[in-house]
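Step one of this worksheet: look at the structure below.
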Amino acid sequence: MGAMDELKIDVVDAEQAGELLTVRRAAFVTEAQLYDDPHIPALTQTLDELVEDLERPDVVTLGAWDGSRLVGSVRVGLEEDRALLGRLAVAPDLQGQGIGTQLLMAVLHYLPEQTQEVWVFTGQDSKQNLSLYAKHGFEHQYDQNAGDLTYAYLRKILGGMAGEEESSAVGG
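Just so we're on the same page, this note's numbering is the position in the sequence shown counted from 1, plus 22.
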C-alpha cells in the first residue's frame, strides 16, 4: 500500500492525451452505468477533442501518476475569478484510496491568484463524489438538467472566509 505515497501530480499535456482518455473512460463507465447512459460527455469525447481541450489556455488538466502510470485526473476551467472543476476521474482499480482527494487538494496550487471561488459539478446521484466534495468544503448551490442527466453544482469560496467555521469550532 506504500506506493500511493509516491503519487506525483502534474499538468497533463497533449502527448499524454491517449492515456488520459483511457483513464477517464474507465473511470466514467461506472458513472454511465449508474445513470444508464453510455453517452455522458466524459465517454463520448474524442481524442482530438481532448487534445484540443488540453491545449486551451483557460483550462488546466491535472494528472496523478503512480510511477509511470496515470491513475487519475481532474479538469479545471478558469474564468476570471472562478474555477470550474469537472471530470474528476480515478482508475477503477484504485478508487477509494484518496487519489481524488489528492487531486482536489493539488488544484489549489494551480489556480491563478485572482481565483476567489471554485465550482465543481457532478451527477446528482453520484453519492461518492458529492460526499468527497462536501468533505472538502464544497457547498451545494443548485442542480441543472442536461438531457436525461441532472448535475449538482457545488461551490467553495477561497480565501479568509473558508477556514473560519472550522477554526472557531476547535478547542471551544
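The beta-carbon is built from N, C-alpha and C at its ideal position, and this holds for glycine as well.
Bear in mind that the values here come from a model prediction, so they are computed numbers and not experimental data.
Local conformation of E101 per DSSP, three classes: Indexing the sequence shown from 1 puts residue 101 at position 79. E101: strand per DSSP, three-state reduction.
In chain order, each beta strand (DSSP E) run of at least 3 residues that lies wholly inside the region 107-158: 139-145
Would you mind reading off the limits of the beta strand (DSSP E) that contains T68? Indexing the sequence shown from 1 puts residue 68 at position 46. Run containing T68: none; DSSP gives neither H nor E here.
Based on the DSSP secondary-structure assignment, which residues constitute the bridge partners of V82? Against the sequence shown, residue 82 aligns to sequence position 60. V82 pairs with V98.
Opposing strand residues paired with T172 [DSSP bridges]: Taking the first residue of the sequence shown as 1, we reach residue 172 at position 150. N167.
Can we say the region 31-41 touches the region 143-154, given the rule of at least three CB pairs closer than 8 Å? no
Rounded C-beta distance between Q38 and G85? I'm assuming under 8 Å. The residue labelled residue 38 in the question sits at position 16 within the sequence shown. The residue labelled residue 85 in the question sits at position 63 within the sequence shown. Contact holds; Cβ gap of about 7 Å.
Could you tell me which residues DSSP pairs with H61 in its beta bridges? Taking the first residue of the sequence shown as position 1, residue 61 is located at position 39. Note: H61 sits in no beta bridge, so no partner.
Given a threshold of 16 other Cβ atoms within 10 Å of its Cβ, counted over all protein chains shown, does A168 qualify as buried or as exposed? Locating residue 168 in the sequence shown gives position 146, counting from the first residue. It is exposed - the Cβ of A168 has fewer than 16 other Cβ atoms within 10 Å.
What residue range is occupied by the uninterrupted beta strand (DSSP E) comprising D32? Numbered from 1 along the sequence shown, position 10 holds the residue referred to as residue 32. K30 to V33 is the extent of the beta strand (DSSP E) around D32.
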